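If you read the sequences in order, they're chains A and B.
Position one of the first sequence corresponds to residue 731 (our numbering), numbered consecutively onward.
Position one of the second sequence corresponds to residue 96 (our numbering), numbered consecutively onward.
Everything below concerns the one structure shown next.
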Amino acid sequence: MRRIPAALSVAALLAITTACSSLSPPGKETTAQARLTDLRPVRDGGTVTIGLKSDPDMLDPSLTTTLVARTVFTSMCEQLYDVDQNNKFVPQLAASMPKITDGGKTFTFDVRKDATFSDGARLDARAVKTSLDRHLHLRGSGRASEIDSVKKVTAVGPYTVRLSLSHPDVPLLGRLANTAGLIMSPKALKTYGAKFATHPSCVGPFRYEKRVVGDRIELAKDPLYYDADKVHLDRVIYKTITDGNIRMANIRSGDVQIGDQMGPVEVRNSMGEKGLQLLNTPSLGYMALTLNVGNAHGIDQKASPVDSPFGRDVRVREAFDLSLDRTLINKLVFQGMYEPACGPVPPGTPLSSPITCPKRDVPKAKRLLKAAGVKTPVPLELMINTTPEDSRLGQVVQAMAADAGFSVRLRPTEFATGLTRTLAGDFEARTGGWGGQPDPAGNIDSLVGTTGSNNQGKLSDPEIDRLIVEGRSTSDIAERREIYRRLTVAINKQHGVIYLYRNINYVSASQDVSGLKLSGDGLIRVKEAGYTKGSR
Amino acid sequence: MKTLRPLLTSYVSRRIGMSLVTMVLVSITVFFGVRAMPGDTAQALAGEQTSPEVLAAIRSEYGLDDNIAVQYWRYVSNAATGDFGTSARTGLPVLDSITQALPITLELAALSLLMAVVVGIGAGVMAAVRRGKPEEWLANGIALLGMSVPAFWLGIVLVLVFAIAMPVFAASGFVPFSTDPLENLRRLVLPAVVLGSGLAAVVMRQTRAAMIDAMSSDYVRTARAKGLGPAAVIGRHGLRNSLVTVITVLGLQLGHLISGAVVTEQVFVLPGFGKLTIDAVFTRDYAMVQGVVLFTSAAYILINLLVDFLYSVVDPRIRLGGSR
Chain A
731 MRRIPAALSV AALLAITTAC SSLSPPGKET TAQARLTDLR PVRDGGTVTI GLKSDPDMLD
791 PSLTTTLVAR TVFTSMCEQL YDVDQNNKFV PQLAASMPKI TDGGKTFTFD VRKDATFSDG
851 ARLDARAVKT SLDRHLHLRG SGRASEIDSV KKVTAVGPYT VRLSLSHPDV PLLGRLANTA
911 GLIMSPKALK TYGAKFATHP SCVGPFRYEK RVVGDRIELA KDPLYYDADK VHLDRVIYKT
971 ITDGNIRMAN IRSGDVQIGD QMGPVEVRNS MGEKGLQLLN TPSLGYMALT LNVGNAHGID
1031 QKASPVDSPF GRDVRVREAF DLSLDRTLIN KLVFQGMYEP ACGPVPPGTP LSSPITCPKR
1091 DVPKAKRLLK AAGVKTPVPL ELMINTTPED SRLGQVVQAM AADAGFSVRL RPTEFATGLT
1151 RTLAGDFEAR TGGWGGQPDP AGNIDSLVGT TGSNNQGKLS DPEIDRLIVE GRSTSDIAER
1211 REIYRRLTVA INKQHGVIYL YRNINYVSAS QDVSGLKLSG DGLIRVKEAG YTKGSR
Chain B
96 MKTLRPLLTS YVSRRIGMSL VTMVLVSITV FFGVRAMPGD TAQALAGEQT SPEVLAAIRS
156 EYGLDDNIAV QYWRYVSNAA TGDFGTSART GLPVLDSITQ ALPITLELAA LSLLMAVVVG
216 IGAGVMAAVR RGKPEEWLAN GIALLGMSVP AFWLGIVLVL VFAIAMPVFA ASGFVPFSTD
276 PLENLRRLVL PAVVLGSGLA AVVMRQTRAA MIDAMSSDYV RTARAKGLGP AAVIGRHGLR
336 NSLVTVITVL GLQLGHLISG AVVTEQVFVL PGFGKLTIDA VFTRDYAMVQ GVVLFTSAAY
396 ILINLLVDFL YSVVDPRIRL GGSR
């Protein structure tokens, strides 16, 4: 009975601390070292439940649009290529790296000969062709634009596939190591067609069993999997728990063993807690402020300068950029748990170069505004998402920019409405993130290229466009690295996209579970995971 | 009886007719209301990384590019045959999701109601009988807390205490009663406490007030004068006469149980109707939002219809009055 008051007081304290996000600067704890795996030996059997931040959309590789669906696919649908823990591409369902010939216009690769889909169909070149053709031609396919350089897919042998491209496309390999490389069972595609998501069947360590919308997706070990000997768990359950505090509470109670995409506040609150472990990997993406420079009439229209101080004069944009302190933003908004960023290429990847973020310089910002001849304070409406994190980010940016002579008005806007307004060009500035791709082209081309489909601020610069084409058609790694360094400089010179910080993918897990692996893409792999030997 | 039968038939037909009209009005309100929400549905479904071709395909696939009247007619005619469409987000039939979620919310509501009745009436009687004593202050204080504490906060505290510090109950999830009755209760007790606490507080206060009235009435004084024991006086005379008020309050609060389940299901990750609704609204899943609201409305209308019929059976003046 004596334990009850103590438990109650601890609970009350925890409830208060979890309900009120602390803005205090970080303490001595550090997560600076990426921790991608836990290799303690595991025993066979058991079910592991993974708490997801949101409910996946369609479990159809051609139609999905969410990162969280890809997290589920890592257990049930393998792709042609994968990213290893050093962000290098490695074959997965492909048997080797592609041979790139014909001046970069032909990709040829072999596929594994020992793989079987969960419905019993064999993996071969024709199965790969069926999947890639579906990615390219299915109505509403989200993959079509990602691999639109592929003109023709040919099964040149029983296990050999050739991709004929319309133009050299070096970053294609990165897309085949992403959702576009996911291969579906031709048998299931024939049976279910566009309704594949109701009975998804692929090659993977686990096979789909059932789904309760908004609640869970259940997978069971697939005995047909080519690497089944390495799979220890009997079942994996993906459970949607949107609130971070509740996700953490479920890990503490043992109802959930692994929590995906944990927020900085929950992670900080749980650091060093007995029975829990933390894995993390830097994100391949970035978070930024996008200024509307040329999106005066909508994203599908030609860029034309926006009639505002920010649209008219790059010095005003530079002044705004200089008013911000990225390190302080990370401390105040994310408790120092993320990383300051000032470019689209994630550090630690083979094509990145060292880059030093500019320091906050308020006097210079004021001089630039004076030189631009604008009346201060310069007004700016900043559209932010309706999340507590974005609200804090907006407030910190507002306070910092005010010191340099800007008057930032925050406009919290729900996701779909914000997206519609952005695409219509009805915004001055917005906060937003990019999930990131292993190849830097995926973080740049469509986002800042003049004709890019995701160039929300309609930044248009011939130098950027020229370097984008060079980066896409050059295969030498050292040359590409230099191109993307110059691209970063060119993009930052325009101050249209102000890169602020890079997420760290945090995964909290019970100490009872080991064998988990995070790859460079931040997705959890449970293929070799299981309950730790000697645990309950 | 011969003169009453045509009146009864007319009353029943009129009420059924009115219910059907109400359902049509609900369907129109929901259908057009959802579409009046700002933001492009196709864009919301496709996300930021998309192309005009994908958007066009989504609009075509879900008929979003048709005239809105055509969309409405297609929806109601399909719904009339039991086809509530396919979730644009998950690609799964709406009806399947609803039939999976509904029993969970109904069970949660039933448990919460049971808790509210047992705790609320018990505490109310105690507060009335022990008026001016510490027990009354305690009951009043707990009732005030029950009404004031937010469900989200209470849920997290209960999880921390009873699922983490003392792991008696589960923090989340649902197991059907038919699969494992004990596990089912282990997972539903905490959500039922959260959902039922507010209602229990209301019931307690109503019971207390009604019991105080009853206990000071002449018939209770008479019962005491006749030498009846305290239990008989409180139970047979005081409580029985107070229950009419309590039952009325419970009836009025039933709707709150369903709407309150939205927050409780989020905290305890119960895949019920409330969670389904919230997820559907946030993801602009038109078909799911419409299906959920239509089902809820139909349930309310059906219950009201049954209650009205029961009234008319119990008290003929209602149907006769209604038929005039």
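Positions of the beta carbon are idealized from the N, C-alpha and C atoms, including for glycine.
All values reported here derive from a predicted model rather than from experimental measurement.
Taking only the alpha-carbon atoms, compute the straight-line gap between residue 150 of chain B and residue 161 of chain B and give it to the nearest angstrom. One C-alpha to the other measures close to 14 Å.
Quick check: residue 1186 of chain A and residue 1022 of chain A, are their CB atoms within less than 9 Å of each other? Yes; because the gap between Cβ atoms is below 9 Å, this pair is in contact.
What's the call for residue 173 of chain B, buried or exposed, on a 16-neighbour Cβ count within 10 Å? Classification for residue 173 of chain B: exposed.
Residue 146 of chain B CB to nearest chain A CB: under 9 Å? Yes - at least one Cβ of chain A is within 9 Å of the one on residue 146 of chain B.
By DSSP, does residue 231 of chain B sit in helix, in strand, or in coil? Per DSSP, reduced to three states, the secondary structure at residue 231 of chain B is helical.
Residue 892 of chain A bridges to which residues according to DSSP? Bridge partners of residue 892 of chain A: A:838 and A:884.
Close-in-space but distant-in-sequence residues of the same chain around residue 1169 of chain A (CB under 6 Å, 5 per side omitted): Hits under 6 Å: 901 and 904.
Between the beta-carbon of residue 782 of chain A and the beta-carbon of residue 991 of chain A, is there less than 9 Å? Result yes, Cβ atoms of residue 782 of chain A and residue 991 of chain A sit closer than 9 Å.
Note down the Cα distance separating residue 309 of chain B from residue 226 of chain B, rounded to an integer number of angstroms. In this structure, the CA atom of residue 309 of chain B is about 13 Å from the CA atom of residue 226 of chain B.
Quick check for students: name the residue ranges of the beta strand (DSSP E) that lie wholly in the stretch 772-851 of chain A, counting only runs of 3 or more. Taken in chain order, the unbroken stretches of beta strand (DSSP E) that lie wholly in the stretch 772-851 of chain A and span 3 residues or more are 777-782, 811-813, 819-821, 829-831 and 836-840.
Under 9 Å between the Cβ atoms of residue 947 of chain A and residue 853 of chain A? Against a cut-off of 9 Å, the Cβ pair of residue 853 of chain A and residue 947 of chain A comes out as no contact.
Establish whether the CB of residue 325 of chain B and some CB of chain A are separated by less than 9 Å. Closer than 9 Å: no.
For residue 362 of chain B, which residues in chain A fall below 8 Å Cβ to Cβ? Within chain A, the residues whose beta carbon sits less than 8 Å from that of residue 362 of chain B are 973 and 976, listed in sequence order.
Could you have a look at residue 113 of chain B and say whether DSSP puts it in helix, strand or coil? Correct three-state label for residue 113 of chain B: helix.
Out of A:824, A:1080, A:953 and A:1191, state which residue places its alpha-carbon closest to the alpha-carbon of residue 1212 of chain A. Residue 1212 of chain A has its Cα closest to that of A:1080, out of A:824, A:1080, A:953 and A:1191.
Any chance the stretch 260-277 of chain B sits against the stretch 319-336 of chain B, with 3 or more Cβ pairs inside 8 Å? Two segments are said to touch when three or more pairs of C-beta atoms, one from each, lie closer than 8 Å; by this definition the stretch 260-277 of chain B does not touch the stretch 319-336 of chain B.
Could you give the residue range of the alpha helix (DSSP H) that holds residue 247 of chain B? Taken as a continuous stretch (DSSP letters only), the alpha helix (DSSP H) holding residue 247 of chain B covers 246-254.
Short of 6 Å in beta carbon distance, which residues of its chain neighbour residue 755 of chain A, apart from the five on each side in sequence? Order them along the chain. With a pLDDT of 32 at residue 755 of chain A, under the threshold of 50, the modelled position of this residue cannot be trusted; read the value that follows with caution. By the criterion of a C-beta distance shorter than 6 Å, residue 755 of chain A is surrounded in its chain by 1061, once the five residues flanking it on both sides are discounted.
Residues near residue 1114 of chain A by beta carbon distance below 8 Å, same chain, minus five either side: If we look at residue 1114 of chain A and ignore the five residues flanking it on each side, its Cβ neighbours are 1120, 1121, 1123, 1124, 1140, 1141, 1142, 1143, 1160 and 1161.
Limits of the unbroken beta strand (DSSP E) element including residue 1007 of chain A: Unbroken beta strand (DSSP E) run through residue 1007 of chain A: 1006-1012.
Got a sec: is the Cβ-Cβ distance from residue 1140 of chain A to anything in chain B below 9 Å? For residue 1140 of chain A, no Cβ of chain B is located within less than 9 Å of the residue's own Cβ.
Keeping to the same chain, check which residues put their C-beta closer than 7 Å to that of residue 845 of chain A; ignore five residues upstream and five downstream. Result list for residue 845 of chain A: 823, 853, 933 and 956, in chain order.
So, residue 364 of chain B versus residue 969 of chain A, is the Cβ gap smaller than 9 Å? Contact flag set, yes.
Which of the three DSSP states, helix, strand or coil, is assigned to residue 946 of chain A? It is a strand residue.
Distance cutoff 9 Å, beta carbons only. Does residue 149 of chain B sit that close to anything in chain A? The C-beta of residue 149 of chain B comes closer than 9 Å to at least one C-beta of chain A.
Does the stretch 1025-1033 of chain A come into contact with the stretch 1090-1107 of chain A, if we say contact requires no fewer than three beta-carbon pairs (one atom in each stretch) closer than 8 Å? Counting C-beta pairs closer than 8 Å gives fewer than three between the stretch 1025-1033 of chain A and the stretch 1090-1107 of chain A, which falls short of the contact rule.
Residues near residue 1112 of chain A by beta carbon distance below 8 Å, same chain, minus five either side: By the criterion of a C-beta distance shorter than 8 Å, residue 1112 of chain A is surrounded in its chain by 1019, 1124, 1127, 1128, 1138, 1139, 1140, 1141, 1158, 1159, 1160 and 1161, once the five residues flanking it on both sides are discounted.
Through-space distance from residue 921 of chain A to residue 1075 of chain A, alpha-carbon basis: Taking the straight line from one Cα to the other gives about 42 Å.
How would you label residue 831 of chain A, buried or exposed, when you count the other beta carbons within 10 angstroms and need 16 or more for buried? Here residue 831 of chain A is exposed, its C-beta having fewer than 16 other C-beta atoms within 10 Å.
Give me the DSSP bridge partner(s) of residue 1111 of chain A. In the DSSP output, where bridge partners are listed per residue, residue 1111 of chain A has A:1139.
Determine the burial state of residue 977 of chain A: buried for a count of at least 16 other Cβ atoms within 10 Å of its Cβ, exposed for fewer. The residue is buried, with at least 16 neighbouring Cβ atoms inside 10 Å.
In whole angstroms, give me the CA-to-CA distance for residue 214 of chain B and residue 292 of chain B. Approximately 9 Å between the Cα atoms of the pair.
Between the stretch 796-807 of chain A and the stretch 1248-1266 of chain A, do at least 3 Cβ pairs fall closer than 8 Å? Counting C-beta pairs with one atom in each stretch, the stretch 796-807 of chain A and the stretch 1248-1266 of chain A have three or more that are closer than 8 Å, which means they touch.
Please name the residue, chosen from A:813, A:1200, A:937 and A:943, that lies closest to residue 785 of chain A on a Cα-to-Cα basis. Residue 785 of chain A has its Cα closest to that of A:943, out of A:813, A:1200, A:937 and A:943.
Helix, strand or coil, according to DSSP, for residue 379 of chain B in the structure here? DSSP places residue 379 of chain B outside both helix and strand once states are collapsed to three, so it counts as coil.
Compare the Cα-Cα distances from residue 395 of chain B to each of B:325, B:371, B:358 and B:349 and report the closest residue. Restricting attention to B:325, B:371, B:358 and B:349, the CA atom closest to the CA of residue 395 of chain B is found in B:349.
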